[in-house]
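**Q**
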Amino acid sequence: MATGELALVSSLFIVVVFLLLGAVAREASALTRHDFPEGFVFGAGSSAFQVEGAAAEDGRKPSIWDTFINQGYMPDGSNADVSADQYHHYKEDVKLMYDMGLDAYRFSIAWPRLIPDGRGEINPKGLEYYNNLIDELIMHGIQPHVTIYHFDLPQALQDEYGGILSPRFIEDYSAYAEVCFKNFGDRVKHWATFNQPNIEPIGGFDAGDRPPRRCSYPFGTNCTGGDSSTEPYIVAHHLLLAHASAVSIYRQKYQAIQGGQIGITLMVRWHEPYTDKTADAAAAIRMNEFHIGWFLHPLVHGDYPPVMRSRVGVRLPSITASDSEKIRGSFDFIGINHYYVIFVQSIDANEQKLRDYYIDAGVQGEDDTENIQCHSWSLGKVLNHLKLEYGNPPVMIHENGYSDSPDIFGKINYNDDFRSAFLQGYLEALYLSVRNGSNTRGYFVWSMFDMFEFLYGLPLAVWPVRRRLHRRGEDEVPQELGAMVLRLPPRRRAPAGEILRHTVITPEKFGGVQYRKMANAG
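Going by mature numbering (1 follows the signal peptide of the UniProt record, and there is no 0), the letters in the sequence shown line up with residues -30 to -1, 1 to 492, in that order.
(1) Return the CA-CA distance between P188 and L286, expressed in angstroms with no decimal places.
(2) Since I believe G29 is in contact with Q56 (beta carbons under 8 Å), could you give me their beta-carbon distance rounded to a whole number of angstroms?
(3) For the candidate residues Y396, I342 and P202, whose alpha-carbon lies nearest to that of F414?
(4) Are K296 and S218 close, meaning C-beta to C-beta below 7 Å?
(5) For R411, collect the residues of the same chain with a Cβ closer than 8 Å to its Cβ; drop the 5 residues on either side in sequence, then sort them by chain order.
(6) Does the Cβ of P94 have 16 or more other Cβ atoms within 10 Å, making it buried, or fewer, making it exposed?
(7) Where does Q322 fall in DSSP's three states?
(8) What does the alpha-carbon distance come out to for the pair G233 and I118?
(9) Out of V64, L236, G13 and L209, state which residue places its alpha-carbon closest to the alpha-carbon of L72.
(10) Please report the straight-line C-alpha distance between K223 and L269, rounded to a whole angstrom.
(11) Checking 7 Å against the spacing of the C-beta atoms, do T163 and A206 come in under that value?
(12) When the Cα atoms are used, what is the spatial distance from F175 to S198?
(13) Spell out a yes or no on whether the segment 311 to 318 and the segment 247 to 256 are touching, meaning 3 or more CB-CB pairs, one atom from each, closer than 8 Å.
(14) How many angstroms separate the CA atom of I306 from the CA atom of D156?
(15) Look up I204 in the DSSP assignment and say whether it is helix, strand or coil.
(16) CB-CB under 6 Å to V404, same chain, minus the five flanking residues each way: which ones, in chain order?
(17) Pick from F392, L402 and E106: whose alpha carbon is nearest that of K65?
(18) Along the chain, where does the beta strand (DSSP E) containing R76 start, and where does it finish?
(19) Opposite F414 in the DSSP bridges: which residues?
(20) Reducing DSSP to helix, strand and coil, say where L123 ends up.
(21) Should H4 go down as buried or exposed, given a rule of 16 or more other Cβ atoms within 10 Å for buried?
(22) Evaluate the contact criterion for the segment 32 to 41 versus the segment 120 to 128: three or more CB pairs, one atom per stretch, below 8 Å.
(23) So, using beta-carbon positions, are P137 and P171 closer together than 7 Å?
(24) DSSP puts G96 in a beta bridge; with which residues?
(25) DSSP on E359, reduced to helix/strand/coil?
(26) Would the beta-carbon of N370 fall within 7 Å of that of H308?
(27) Roughly how many angstroms separate the alpha carbons of S17 and I134, rounded to a whole number?
(28) Ignore the nearest five residues each way along the sequence and tell me which others in A399's own chain have a CB closer than 7 Å to its CB.
(29) For Y401 and L97, which I take to be in contact (beta-carbon distance under 8 Å), what is that distance rounded to the nearest angstrom?
(30) Where D63 and S408 are concerned, what is the direct C-alpha to C-alpha distance, given to the nearest angstrom?
(31) Is the CB-CB distance between M257 and H241 below 7 Å?
(32) Beta-carbon within less than 7 Å of D142's beta-carbon, same chain only, minus the 5 sequence neighbours each way: which residues are those?
(33) Looking at the secondary structure, which residues open and close the beta strand (DSSP E) in which G233 lies?
(34) Taking 7 Å as the cut-off, decide whether the C-beta atoms of F313 and A54 are in contact.
(35) Which one of S48, A391, I112 and Q41 has the shortest CA to CA distance from K61?
(36) Taking Cβ to Cβ, would you say L116 is nearer than 7 Å to W81?
As C-alpha cells, this is what we get:
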C-alpha cells in the first residue's frame, strides 16, 4: 500500500505470525517455507516517506506530500516529520528484521533526500544514508528490494513545471533513476521503478484528495485546478514512459554488469459483479481492464487495452510505434499490491455529460465501503488472471496485509487471531496458485513497521512504534505482545518442517469479511 490503501497500518504481529516463521496453520497440517519453490522470497515492506522521518535533516527538501500535509489535509493533523524514525535507527530496524528471519526488505529511495531539487547535485548525506542501509541489510543476509519512486515527488519539480503532468518529468525521473543504479546497483539486485502508478493519477488528478490536489467538479472539490476527464490519463502516460525510459537505461548500461532485475509495482484490486446481471458481469471485466490492464496491457502488448481506447477515445494519449517498442516487455517481473475485492455495478456512461476515469469505465461501487471486501480467494483470481491474460509473468507480491482501525485511539487488542486468520487465508490462496502454475516468486507483508499512513496519518501506536513514534526512548512494549515476541527463538531460520506452535492458531475457516468490519476488528 503504499498509498496506504485502506489504512493498512501494520502491527509487528503481522510479520511475527508469518515471517518468524515458517508457519501458517492450514486445517490439519501447516505450510512452511519449504512448501514454496526454491528461492521463493518472504519479506516485509515500507516506503521512505512513511518510515524514515528526519524530514528536514541533512539536506532533504520537501516532497509534494510534505506540502500536502503542511497545508492541513491530513484528517488527524499528523505529519511524517518523525514517523518510525528509521533514518536514525536503521541499524536497530535491520537487526529486528534479521531476528525475525526475513529474506528481504522492500523500501524506497526518497528522491527529495537523494536529489533534493529533483535534478542536479546529489545530496552526500542522502547518499550516505542509503549506502549505509543497504550495506547493513546485506551484512545481515537480507536482500534489499528497492522502489525508486513511491509518491514523494520533489516539490521543486511540482513548482517548476507541474510535476508528473509535464513530459519534462520523464527526463528528470530517468536521470534520478540512473543515479540510483549507478550508486546502489552493485548491491541492489531488485528494482521497481514505480509504486502503484495506476493509483497516483486517480488520487492526485481525478478525485484530487491526494497531492498535488488537481481535479474538476463534480469528481473532486476544492482543488486548485485540474481536469478530471483528461489529466489522469496524461499523468499515467508520463509514468509509463518514464518507467520504460528507466528500464532502457538500466538494461543498456547496468544490468549486464550488475546482474539485477527491474520491474514495476501495481495496485491490483480484483473486481467482481455486484449482482448476477449480465451488465454487472461486463462491468467487472471492464473495470479489471481499466485498473490492471491500464499498465499491464501496454507492458505486455505495447498499447492500452482496446476497451479503454474505445471508451476514452481521444482523451487517452496515443502510444507511438517507437514508444510501444520501448514499453513492450520493459519488465523482468511485475510487482502487485493486493488487499481486497470490489463488487461493482454497471452504469450507462452515455448518460453522463461529464466524464472521469470511473465514468469512462462505466462502473459504480469503487467508493462504497460495503462493496469493498476482503476474501482470500481474490488473490487466487488475480494470479490466475495474470497467468491467463498476460503470459504468466514473474510476480512479486509486494504488499498484502491487514490494518488496525484508523479511528480507534484507545486500548488495542494484542490477541490478534483475526489478523493471523487473514494472513493464513491469503497465504493458502498463494500456495494453491503456485501449485497451479502461477509464476509468483515472492511475498511481502505490508508493513514492516507501524508508520505514517498516507490516508490516515498516525492513528495507532503498536509495538515497536508505540515507543518509536516521537517517543522512541520510552519503554512501552505492551506486556502481552512483548511476552509473545520474547519467547520466539532468536535464530535466522526455522529448521525444515518445524512449526512454531505458539504462533499458530486454528480459527474457524476464514472466508472473508467486509472491510468496514475488518477495519474495526481490533
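Every residue, glycine too, gets a C-beta built ideally from N, C-alpha and C. Quick caveat: nothing in here was measured; it's all calculated off a predicted structure.
**A** The short version:
(1) Distance between the alpha carbons of P188 and L286 is about 20 Å.
(2) Rounded, the Cβ-Cβ distance is 17 Å, inconsistent with contact.
(3) The shortest C-alpha separation from F414 is found at Y396.
(4) Contact: yes.
(5) Around R411: P7, G9, F10, V11, F303, P364, V365 and M366.
(6) With a 10 Å radius around the Cβ and a threshold of 16 neighbouring Cβ atoms, P94 comes out exposed.
(7) In this structure, Q322 counts as coil in the three-state DSSP scheme.
(8) Between G233 and I118, the C-alpha separation is close to 11 Å.
(9) Checking every option, the nearest Cα to that of L72 belongs to G13.
(10) About 21 Å.
(11) Contact: no.
(12) Rounded to whole angstroms, F175 and S198 show a C-alpha spacing of 6 Å.
(13) Using a C-beta cut-off of 8 Å, the segment 311 to 318 makes contact with the segment 247 to 256, since at least three inter-stretch Cβ pairs fall below that distance.
(14) Between the C-alpha atoms of I306 and D156 there is a straight-line separation of about 25 Å.
(15) Helix.
(16) Answer for V404: T410, listed in chain order.
(17) Looking at the Cα atoms, E106 is the closest of the given residues.
(18) Run containing R76: A74 to S78, per the beta strand (DSSP E) assignment.
(19) Under DSSP, F414 forms a beta bridge with G13.
(20) In the structure shown, L123 falls within a coil segment according to DSSP collapsed to helix, strand and coil.
(21) The residue in question, H4, is exposed, as its Cβ has fewer than 16 Cβ neighbours within 10 Å.
(22) The segment 32 to 41 is in contact with the segment 120 to 128.
(23) For P137 and P171, no; Cβs fall outside 7 Å.
(24) Per DSSP, none; premise fails for G96.
(25) Annotated three-state conformation of E359 is helix, per DSSP.
(26) Yes. Within cutoff.
(27) In a straight line, the C-alpha of S17 is about 19 Å away from that of I134.
(28) Within the same chain, A399 has close Cβ partners S346, W347, L349 and G350.
(29) Rounded, the Cβ-Cβ distance is 40 Å, inconsistent with contact.
(30) When rounded, the distance between both Cα atoms is 32 Å.
(31) In this structure, H241 lies closer than 7 Å to M257 by Cβ.
(32) Cβ neighbours of D142 beyond the five flanking positions: G88, R89 and L127.
(33) For G233, the enclosing beta strand (DSSP E) stretches over residues Q231 to M237.
(34) Going by C-beta atoms, F313 is not nearer than 7 Å to A54.
(35) The residue from S48, A391, I112 and Q41 with its alpha-carbon nearest to that of K61 is I112.
(36) Just to set this straight, residue 116 is Val in the shown sequence, not Leu. It is not a contact, given that the beta carbons lie outside the stated cut-off.
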